[in-house]
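Numbering (the working numbering), first residue to last: 11 to 573.
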C-alpha cells in the first residue's frame with residue numbers, strides 16, 4: 011500500500027512540506043538529470059498517449075443501461091457492486107454548466123494533506139471524514155455543516171464513512187465507531203488493532219446489519235513494521251461486537267519477525283447473495299530487507315496479497331485470484347472489485363498498482379482477460395524470478411531496478427463501470443526499487459518535487475466483453491482521484507488540482523475546472539451535484555476545501571490552482 015499510506019515530506023511551495031496526500035510515499039524516479047535519469051526513462055514507444063475513440067465505438071458509448079447504476083451516491087463506491095455509476099441529469103451536453111455551489115474548509119494535517127475520502131449522500135446530507143478521522147455532516151442543498159465529531163486520530167486514508175439505518179459508521183486509527191446520523195453522537199466504539207504496527211485507514215463496508223473493516227500494516231508513525239497484518243473484521247452493526255474475522259496474510263509466511271502485509275484500502279463489494287469481494291494489498295518488506303534481498307524473507311506467493319478474494323457472508327474463502335505472486339514492488343490489487351456483466355455472465359473486474367486490469371468469472375474466479383494499461387517496462391513478472399529463492403540463492407535480479415509503474419503509479423484509485431466499459435485512472439510515474447531497502451525517489455528535493463508535479467497519467471476505457479482498449483486520454487498530471495461515471499460523462503481529478511469531465515464514448519475532454527488546491531480525493535455524482543475534495547495545498551495561496559459543483563450554480567472558489 012502506498013496510496014494514503016506512506017509519508018515522505020517534500021518541499022512543494024513556500025517551504026511547505028507536502029506528501030502526495032492520501033498516502034503516496036514519495037518514492038520514485040526523477041524525470042530530470044542525475045544518476046536515476048538514465049535508468050528511469052520509459053521504454054521507447056511507451057509514453058502516455060491519447061487514443062481517442064470515435065462516437066461509433068462499441069462498448070463505452072452504447073449498449074443497454076447498466077443494471078448496477080446507483081440512484082444516488084449512498085455508499086463509498088456508489089453501490090454495493092462498486093460500479094461508481096450514478097443516475098443524474100448531467101450529460102455531455104450540459105456538463106459545462108457545472109459551477110461552484112458551496113465549499114467547506116478542511117485541515118491540512120501536515121505533510122499528508124487533510125482530505126482524501128469519498129463522501130456519501132443520504133437523505134440530503136453529505137457525510138464524510140477527514141484524515142484526522144473527524145466525521146462531518148453537511149447539508150447538500152446549502153453546504154452548511156450540521157455537525158462534526160472530532161477524533162484527532164490521524165491516518166493516511168483514504169478513509170470515509172458508511173451510513174445505514176440512521177447510523178454513521180467510521181474508523182479511527184485504532185478501531186471502529188458508530189455515530190447517530192442526525193446528531194453525531196457516538197453510539198459505540200471498539201478498539202480492534204492488535205499492536206502499534208497496525209491501523210485502519212479505509213471506509214467501512216456495510217451489508218445486512220454487518221460492518222466490515224480491515225486493519226492495515228501502515229500507520230502515521232511507522233509502516234510495514236514486522237508483525238503488522240491485514241485482518242478483515244465483520245462487526246455487529248448494532249453493538250460493534252465481532253461476528254467473525256478473516257486473516258488476509260495467514261501467518262505472515264513463516265517469518266513474522268520480518269514480514270508484514272495485506273490490508274484493504276476500500277470497502278468490500280457485495281453480490282445479491284451477500285458474498286464479499288475484496289481487493290487485497292501488498293506483502294512486505296519490498297523489495298526486501300537487510301539480509302533478505304528481493305523478498306527472500308517470504309518465499310512463495312505470499313497469499314492472499316495482491317489478490318481478488320471472494321468470501322461467503324460468514325467469511326469462508328470461496329475463491330481467490332492472485333495477480334502478482336511474490337510481489338517485489340508494492341503492487342497492491344487494492345481497488346474494490348467491480349461486479350458487473352460481460353457476455354451475459356456475472357464478472358468481477360479488478361485493478362491496482364501493477365497497472366493491470368483483470369476480468370474474472372464471478373462464479374469461479376477464472377481469469378477471462380487481463381490488460382496492462384499505462385507505461386510498463388518489462389518488469390511485470392519479476393516476482394516469479396525470486397518466488398522460490400532463499401537468502402543464499404543466486405538471484406536473477408540486479409540490486410536496483412527502475413520500475414514502471416512505480417509505487418504510486420499504476421491504478422491507485424477506484425474503477426468505474428457503465429455496464430459495457432470499465433474506466434480506470436492510470437498514473438505513469440517510475441520508481442527505483444532496491445533489493446534490501448525498498449523504493450527511493452532519487453535526486454535533490456527540487457528534483458523530487460518536479461518528478462511528482464510533472465508526472466502524467468491517463469484515463470482509459472476498456473470493453474468488458476473483449477478486454478480491448480477503447481480509448482486512452484492522456485492527462486498532464488497524475489489522476490489520483492479515481493473515476494466516476496454518469497450517463498455519457500466520466501469524471502476524475504488530478505494531483506495538481508483539476509476536475510476533468512470526459513466523454514465516455516470517446517475520451518474527449520468536455521470540461522476542465524481548476525480546484526482550490528492539489529488533490530487525490532475521488533469524485534462523486536449525486537443528482538445534479540458533483541462533489542470532490544482539494545485537500546493538498548501546493549502553494550501558500552491555495553485552500554484545502556471540500557467543493558460541491560452543481561448544474562447552473564455560479565459561485566466562485568477563493569482561489570484556484572489554475573492561471
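Using N, Cα and C, we set each Cβ at its ideal position, and we do this for glycine too.
Just so you know, these numbers come straight off a predicted model, no measurement behind them.
Reduced DSSP category for residue i - H, G, I as helix; E, B as strand; rest coil
i: residue 107; result: helix
i: residue 449; result: strand
i: residue 247; result: coil
i: residue 311; result: coil
i: residue 459; result: helix
i: residue 508; result: strand
i: residue 198; result: strand
i: residue 256; result: strand
i: residue 392; result: helix
i: residue 304; result: helix
Cβ of residue i within 8 Å of any chain C Cβ
i: residue 80; result: Note that chain C does not occur in the displayed structure, where there is just one protein chain.
Whole-angstrom distance between residue j and residue i, CA atom to CA atom
i: residue 540; j: residue 469; result: 18 Å
i: residue 70; j: residue 509; result: The predicted model places residue 70 with a pLDDT of 44, which falls under 50 and marks its position as unreliable, so this point remains unresolved.
i: residue 557; j: residue 401; result: 51 Å
i: residue 259; j: residue 271; result: 7 Å
i: residue 195; j: residue 248; result: 14 Å
i: residue 310; j: residue 377; result: 21 Å
i: residue 246; j: residue 252; result: 6 Å
i: residue 473; j: residue 358; result: 14 Å
i: residue 382; j: residue 389; result: 12 Å
i: residue 277; j: residue 464; result: 31 Å
i: residue 127; j: residue 211; result: 10 Å
i: residue 6; j: residue 549; result: Lying outside 11 to 573, the shown extent of the chain, residue 6 is not represented and no answer is given.
i: residue 20; j: residue 456; result: No answer about residue 20 holds up, because its pLDDT of 37 lies below 50 and its placement is not dependable.
i: residue 342; j: residue 462; result: 20 Å
i: residue 161; j: residue 255; result: 25 Å
i: residue 265; j: residue 178; result: 38 Å
Identity of the residue in the options nearest residue i by Cα
i: residue 491; options: 505, 51, 498, 511; result: 505
i: residue 321; options: 222, 503, 479; result: 222
i: residue 569; options: 324, 415, 433, 554; result: 554
i: residue 131; options: 117, 150, 139; result: 150
i: residue 328; options: 371, 346, 472; result: 371
i: residue 533; options: 54, 53, 88, 51; result: 88
i: residue 263; options: 349, 250, 353, 238; result: 238
i: residue 349; options: 52, 523, 204, 90; result: 90
i: residue 51; options: 386, 323, 145, 431; result: 386
i: residue 477; options: 437, 536, 413, 379; result: 379
i: residue 501; options: 434, 330, 234; result: 434
i: residue 475; options: 355, 497, 53; result: 355
Residue i - partner residues in DSSP beta bridges
i: residue 468; result: 436, 484
i: residue 233; result: 228
i: residue 317; result: 332
i: residue 565; result: 110
i: residue 369; result: 359, 379
i: residue 149; result: 135
i: residue 522; result: 510
i: residue 340; result: Its beta-bridge partners do not exist; DSSP assigns none.
Check: residue i C-beta below 7 Å from any heavy atom of the ligand FMN
i: residue 266; result: Questions concerning the ligand FMN fall outside what the structure shown contains, since it holds no ligand whatsoever.
Closer than 8 Å is the cut-off here; do at least three beta carbon pairs connect the segment 397-415 with the segment 298-311?
Because the criterion of three Cβ pairs below 8 Å is met, the segment 397-415 and the segment 298-311 touch.
Three-pair Cβ contact test at 8 Å for the segment 201-219 versus the segment 277-291:
Verdict: yes, contact present.
Does the segment 96-111 come into contact with the segment 74-84, if we say contact requires no fewer than three beta-carbon pairs (one atom in each stretch) closer than 8 Å?
A contact exists between the segment 96-111 and the segment 74-84.
If we count Cβ pairs, one from each stretch, closer than 8 Å, do we get three or more for the segment 480-499 versus the segment 509-521?
Remark: three or more beta-carbon pairs, one from each stretch, lie closer than 8 Å, so the segment 480-499 and the segment 509-521 are flagged as touching.
Can you confirm whether the segment 107-126 touches the segment 173-191 when touching is taken to mean that 3 or more C-beta pairs between the two stretches lie within less than 8 Å?
When Cβ pairs closer than 8 Å are counted between the two stretches, the segment 173-191 is seen not to touch the segment 107-126, the count staying below three.
Indicate whether the contact test is met: 3 or more Cβ pairs, each with one atom in the segment 417-427 and one in the segment 324-338, closer than 8 Å.
Verdict: no, contact absent.
Assess, as a yes-or-no matter, whether the segment 413-424 is touched by the segment 359-367 under the definition of 3 or more beta carbon pairs within less than 8 Å.
The segment 359-367, when compared against the segment 413-424, does touch it at the 8 Å Cβ threshold.
Three or more C-beta pairs below 8 Å linking the segment 292-301 and the segment 262-280
By the Cβ test, the segment 292-301 is in contact with the segment 262-280, since at least three Cβ pairs between them sit closer than 8 Å.
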